[in-house]
Ligand code: SF4
Ligand code: SF4
């Protein structure tokens, strides 16, 4: 069955162990950082930082400011826009859950970056032989029967790995058990047709930098609706054009005949 | 070849300041392109994770394909609908389309991260991808255009057999070309169906249809525009009757386009998303100055029949169409403004170099092939005679 991750923002302490574990497992280089307005470094996801803990200071329901630490990364959509966009099938959704990337196929057209509703895929712009880079859900670890590096590392179990439907039940259980702690919403359960990375949070998701205008219908449907008509369009256009040509050249022939008859007369 | 060149062949002087300026621009463009290939996209462009597609996709590819739409439009008008009076402009239109698509292809090659993998869609199939379909259509249509254009070369070389062979296959070829064009002109719009963050002023599920209809409209405007330029540069005669006929067709197409587009904007309530910001201004310039105004000009017979107004209106339509493609693929995205993307000088240099190369190639083709020579009308006419049948001013 499809694996997933449940990320409980209220449990995260912002230790960024996941960020480091991800770098270590995937052998990603460190990045040159600079002081910024954000409390965290590097500032955001990049081609070399596939998971990132975002620091957000947001007032809670009582109006007191609270820190929220938001672990961000690819959502591994159930019906990923990036996969449907890729012209060469370099991106694939696997049965197990991960959306994987095959650098040997990719030609670097970057349509996946344009198509992803969460703006997740990044590009190694600094390279003359660039690749797309994003979280792989540690597909290699999963194949080996292990859980992703981030989930493995997480001290507070803010990142929980498991079966998708079990995790949804778990999330609903937590909301019911401690309603004061959570907003009543599981982000990712339905977004973009459902994703494999889901979130619980104590403050509204839009305050945490989540996109709240994400369609609940799978994105690939939008382009497939146009693409699936193509065979009919081919037949239709070719038939109409052939027919028009046939009728018109026949009419011209007949016309020419009658003209020549007239001329004779 | 010179000895048998027909005296009626268009007189083209190559040694002019204009030619040398084009050559210089091509040299600069080629050098920057080489630099881009050696050092990568990050080193030469202002693209970033926030704005992964910039000037090259927006102008060279998306606008470029639209500007090359004259080829299939005119091929349909002349070969399929049998409107013979437009035959004189069919060849220049096909040549422009051919050059335009070469430009598009080179633009894509330079824009993708790994240019040497441009052939990947041929072997790795992914038919759920709009990009996959566009890649195939562009490849196939480029081949069709090369064949269509080859007629003028065979005629020039007086290869009667090939000329006759082309005449035999021209109708199926034209129908194939029209089909492929219909598909990918609309698919370039479909590319953005999956990016609903595009401003509501441009995002609509009708994008593929709007792209197709406007492509036909742009094609007509391009042929008018080109004819004026050719008349000036190559001292070809201008047949106003032909051009005003195309202009009338353009009015119908653009009125239809605007009706569908605005009806859709109103019906879906998107028009009320209009705000007075940069995108709002772009929308007004695109639809107002680039579409409504020229359509008004062209629908008044007195103005349509005046060369100056006709040329001006066609130019406005082309500008509006280019802006429409740029807006849909680049400027209509909020990210472009948030990130503050502006193309690097190197991006401009490559784009300008590509356009210059196309202009130069057009000039060479006019000089050395029978671009401005019409096909003989009657199938019974021996192929070779047609080589000299230059269309003259009325
Ligand atoms: S979040 Fe984006 S990159 Fe990740 S699977 Fe979904 S569409 Fe693909
Ligand atoms: S950049 Fe690579 S992975 Fe992304 S859509 Fe293009 S070919 Fe596919």
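Protein chains in written order, with the working numbering: chain L, 7 to 271; chain C, 161 to 554.
Yeah, the Cβ is synthetic: ideal placement off N, Cα and C, and Gly gets one too.
{"Check": "From residue 431 (chain C) to residue 360 (chain C), what does the alpha carbon distance come to, in whole angstroms?", "Outcome": "8 Å"}
{"Check": "Using 7 Å as the threshold, is the C-beta distance between residue 31 (chain L) and residue 145 (chain L) below it?", "Outcome": "no"}
{"Check": "In angstroms with no decimal places, state the Cα-to-Cα distance between residue 299 (chain C) and residue 264 (chain C).", "Outcome": "11 Å"}
{"Check": "Can you tell me whether residue 24 (chain L) is buried or exposed, with buried defined as 16 or more other CB within 10 angstroms of its CB?", "Outcome": "buried"}
{"Check": "Just by C-beta distance, which residues in the region 7-36 of chain L are closer than 7 Å to chain C?", "Outcome": "none"}
{"Check": "Is there a C-beta anywhere in chain L that falls below 7 Å from the one on residue 178 (chain C)?", "Outcome": "no"}
{"Check": "Considering only residues of the same chain and omitting the five flanking positions on each side of residue 276 (chain L), which have a CB-CB separation below 7 Å?", "Outcome": "No answer is possible for residue 276 (chain L): it lies beyond the span of chain L, which begins at 7 and ends at 271."}
{"Check": "How would you list, in chain order, the residues of chain L whose beta-carbon sits under 7 Å from the beta-carbon of residue 368 (chain C)?", "Outcome": "232"}
{"Check": "Does DSSP put residue 77 (chain L) in a helix, in a strand, or in coil?", "Outcome": "strand"}
{"Check": "Comparing the CB of residue 93 (chain L) with every heavy atom of ligand 1, is any distance shorter than 6 Å?", "Outcome": "no"}
{"Check": "Can you tell me whether residue 30 (chain L) is helix, strand or coil according to DSSP?", "Outcome": "helix"}
{"Check": "Leaving aside the five residues before and after residue 458 (chain C) along the sequence, list all residues of the same chain whose C-beta is less than 7 Å from its C-beta, in chain order.", "Outcome": "407, 410, 411, 464, 473"}
{"Check": "Compute the beta-carbon to beta-carbon distance between residue 349 (chain C) and residue 367 (chain C), rounded to the nearest angstrom, for a pair I have assumed lies under 8 Å.", "Outcome": "4 Å"}
{"Check": "Under 7 Å, do residue 47 (chain L) and residue 214 (chain L) count as touching if we go by C-beta distance?", "Outcome": "no"}
{"Check": "For the region 271-279 of chain C against the region 419-430 of chain C, are there 3 or more C-beta pairs whose distance is under 8 Å?", "Outcome": "no"}
{"Check": "Just jot down, in chain order, the residues whose CB lies closer than 6 Å to any heavy atom of ligand 4.", "Outcome": "Absence of ligand 4 is noted for the structure shown, with ligand 1 and ligand 2 being the only ligands found."}
{"Check": "Take residue 55 (chain L) and list the residues in its own chain whose beta-carbon comes closer than 6 Å to its own, dropping the five residues that flank it on each side.", "Outcome": "48"}
{"Check": "Pick out whichever of C:173, C:175, C:203, C:245 has its Cα sitting closest to the Cα of residue 405 (chain C).", "Outcome": "C:245"}
{"Check": "Just to check my reading of the structure: residue 255 (chain C) and residue 378 (chain C) have Cβ atoms closer than 8 Å, yes? What is that Cβ distance to the nearest angstrom?", "Outcome": "In fact, because the Cβ distance is near 17 Å, the residues do not count as touching under 8 Å."}
{"Check": "Shorter than 7 Å from the beta carbon of residue 354 (chain C) to some beta carbon of chain L?", "Outcome": "yes"}
{"Check": "Just to check, is the beta-carbon of residue 282 (chain C) closer than 6 Å to a non-hydrogen atom of ligand 2?", "Outcome": "no"}
{"Check": "For residue 200 (chain C), which residues in chain L fall below 8 Å Cβ to Cβ?", "Outcome": "131, 132, 133, 134, 135, 136"}
{"Check": "What do you reckon, is the C-beta of residue 278 (chain C) under 6 Å from a heavy atom of ligand 2?", "Outcome": "no"}
{"Check": "What do you reckon, is the C-beta of residue 138 (chain L) under 6 Å from a heavy atom of ligand 2?", "Outcome": "yes"}
{"Check": "How about the region 90-100 of chain L and the region 115-126 of chain L: do they share at least three Cβ pairs that are nearer than 8 Å?", "Outcome": "yes"}
{"Check": "May I ask you to verify whether the region 322-340 of chain C touches the region 206-223 of chain C, counting CB pairs closer than 8 Å and requiring at least 3?", "Outcome": "no"}
{"Check": "Please list, in chain order, all residues of the same chain as residue 506 (chain C) whose beta carbon is under 8 Å from its beta carbon, the five residues on each side excluded.", "Outcome": "192, 195, 196, 204, 205"}
{"Check": "Who are the Cβ neighbours of residue 100 (chain L) in its own chain at under 7 Å, not counting the five residues just before and after it?", "Outcome": "106, 145"}
{"Check": "List the residues of chain C whose Cβ lies closer than 8 Å to the Cβ of residue 78 (chain L), in chain order.", "Outcome": "Those do not exist, as residue 78 (chain L) stays about 14 Å from chain C at its closest Cβ, beyond 8 Å."}
{"Check": "Can you tell which of L:12, L:192, L:137 has the C-alpha that lies nearest to the C-alpha of residue 212 (chain C)?", "Outcome": "L:137"}
{"Check": "How far does the beta strand (DSSP E) with residue 65 (chain L) in it extend, from its first residue to its last?", "Outcome": "58-65"}
{"Check": "From the DSSP output, read off the bridge partner residues of residue 168 (chain L).", "Outcome": "L:10"}
{"Check": "Return yes when the Cβ of residue 257 (chain C) is within less than 7 Å of the Cβ of residue 224 (chain C), no when it is not.", "Outcome": "no"}
{"Check": "Taking only the alpha-carbon atoms, compute the straight-line gap between residue 381 (chain C) and residue 519 (chain C) and give it to the nearest angstrom.", "Outcome": "18 Å"}
{"Check": "Where residue 16 (chain L) and residue 189 (chain L) are concerned, what is the direct C-alpha to C-alpha distance, given to the nearest angstrom?", "Outcome": "11 Å"}
{"Check": "Rounded to a whole number of angstroms, what is the C-alpha to C-alpha distance between residue 335 (chain C) and residue 239 (chain C)?", "Outcome": "9 Å"}
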